[in-house]
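**Q** Numbered according to UniProt numbering, the sequence shown spans residues 1 to 345. Before I ask anything, here is the structure I am working with.
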Amino acid sequence: MLSSILVIGGTGMIGQHLVMASINAGHPTAVLVRPASVHDPGKVRLVENFKADGAIIVYGDIDDHEGLVRVIKQSDVVISALGHTSPEEVESQLKIVAAIQEAGNIRKIIATGEDYPKDQGDVTLTTEFEESNANENDRFLPSEYGCNVELAEYMLEPARSILGAILRVREALKVSGIPHTIISSNWIQGFLLPRAGDPEANGPPETRVTILGDGKKQVFFINEKDMSAVTIKAVEDPRTLNKIVYMRPQENLCSLNRLVSLWENKLGNTLEKSYVSEEEIVKKILESSFPLNFQLAVVHWTLVAKEPKLREKGIGASARDEVEATELYPDMKYITVEEYLDSLM
1 MLSSILVIGG TGMIGQHLVM ASINAGHPTA VLVRPASVHD PGKVRLVENF KADGAIIVYG
61 DIDDHEGLVR VIKQSDVVIS ALGHTSPEEV ESQLKIVAAI QEAGNIRKII ATGEDYPKDQ
121 GDVTLTTEFE ESNANENDRF LPSEYGCNVE LAEYMLEPAR SILGAILRVR EALKVSGIPH
181 TIISSNWIQG FLLPRAGDPE ANGPPETRVT ILGDGKKQVF FINEKDMSAV TIKAVEDPRT
241 LNKIVYMRPQ ENLCSLNRLV SLWENKLGNT LEKSYVSEEE IVKKILESSF PLNFQLAVVH
301 WTLVAKEPKL REKGIGASAR DEVEATELYP DMKYITVEEY LDSLM
């Protein structure tokens, strides 16, 4: 039987795709929805669609510890899709961690040294295997889904503080012993691609375009539906337990210059290009308010600034903590950047 999945934050930009991926994969799916959502017509329609597709809607809030514990006790997998508007919002996931610990049904597999190879670093070796009824697929997925946050300390504010909070949640998970999987999908297609890479743009380019930096640095752009499909595959996969799952399909690697070129091909005309230097971007970040300063800071780090290599710096996740989605699921077809742009025309 497939794992039962609870999605927290399921009416958000990412959460709604995770909910539908869970439902489409046949998982019993519950969605924790804040009572205040009934006053938002868009979220009301979304919730009704979830219900029509078979999801169970649970009205509640992560601030209600007892209620959160009750709904977690009925779930095998908990997926968080809470937002990243502040360090406090990111760290509010520690309330979910506390509730999972109290619920007691999502716990690490306990094994003896005879049950697992000695190099199985994600298994605690004890003599209590017979007393544990933990399922190897039980786990918590914290809200990440974006760029690699391993080097958050090198980013500009407010990205440094917000993404640094993600690392603190990771550390709390390790300390708690709760089985988990972390999803790192780089840039989501739905934000930067329609704007040709410019967070300040109101929509697709028509006659002119602003390119941040020299436009040469490449990143992976992953469609929200593909990210969600991989996430749901991962929750049933023991190979992803206590691992960071990276999504790096080579066909989705794209620079801002190439993105603009693709837009020009779709539009059938040459765009007037204005390049913004790194110094100007940094100045804009310092002068802007949230969320633009956060968006620009992440663009600066991922698409403009030179990134130090994790291995050279001796920090970040080790190779044994990482798995690559394209290797785990070689038959998975990803929506390419060009295919996504076609869908916008």
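By construction, the Cβ of each residue, glycine as well, lies at the ideal position given by its N, Cα and C atoms.
Could you spell out where the beta strand (DSSP E) holding residue 359 opens and where it closes?
**A** Examination of residue 359 is not possible in this model, given that the chain is present from 1 through 345 alone.
**Q** Using 8 Å as the threshold, is the stretch 180-191 in touch with the stretch 142-155, meaning 3 or more CB pairs across them?
**A** Contact between the stretch 180-191 and the stretch 142-155 is present, because at least three Cβ pairs lie under 8 Å.
**Q** Curious, which full-length beta strand (DSSP E) runs of at least 3 residues does the stretch 132-193 contain?
**A** As far as the stretch 132-193 is concerned, its whole beta strand (DSSP E) runs of at least 3 residues are 139-141 and 181-184.
**Q** Here's a check: name, in chain order, each residue in its chain whose Cβ is nearer than 8 Å to the Cβ of E251, leaving out the five neighbours to either side.
**A** Here the set comprises Y334 and T336.
**Q** In angstroms with no decimal places, state the Cα-to-Cα distance between N242 and E338.
**A** Rounded to the nearest angstrom, the two C-alpha atoms are 34 Å apart.
**Q** DSSP has R208 in a bridge; who is on the other side?
**A** Its beta-bridge partners are E272.
**Q** Three-state secondary structure (DSSP) at E322?
**A** It is a strand residue.
**Q** Could you say which of I281, E278, I56 and A98 lies nearest to G177 if we only look at CA atoms?
**A** Comparing Cα-Cα distances from G177 to each of I281, E278, I56 and A98, the minimum goes to A98.
**Q** Thinking C-alpha only, which one of S161, N265, M13 and K273 is nearest V298?
**A** Of S161, N265, M13 and K273, the residue nearest in Cα terms is S161.
**Q** Let's see if you can read the secondary structure: which residues bound the beta strand (DSSP E) around L6?
**A** I5 to I8 is the span of the beta strand (DSSP E), which, as asked, contains L6.
**Q** Between the stretch 2-18 and the stretch 64-83, are three or more C-beta pairs nearer than 8 Å?
**A** The stretch 2-18 vs the stretch 64-83: in contact.
**Q** Three-state secondary structure (DSSP) at A201?
**A** Of the three classes helix, strand and coil, the one that applies to A201 here is coil, per DSSP.
**Q** Between L303 and V209, how many whole angstroms is the CB-CB distance? I'm expecting something under 8 Å.
**A** L303 to V209, Cβ: 14 Å. No contact.
**Q** Work out the CA separation of N223 and I244 for me, nearest whole Å.
**A** Approximately 18 Å, taken between the alpha carbons.
**Q** When the Cα of P35 is compared with those of M20, L163 and I62, which residue comes out closest?
**A** Checked all of M20, L163 and I62; the closest Cα to P35 is I62.
**Q** Which partner residues does V31 have in the DSSP bridge list?
**A** DSSP, once it has assigned bridges, lists V7 and I57 as partnering V31.
**Q** For Q218, which of helix, strand or coil comes out of DSSP?
**A** DSSP places Q218 in strand when its eight states are reduced to three.
**Q** L192: which of L259, V276 and T181 sits nearest, CA to CA?
**A** For the residues L259, V276 and T181, the minimum Cα distance to L192 belongs to L259.
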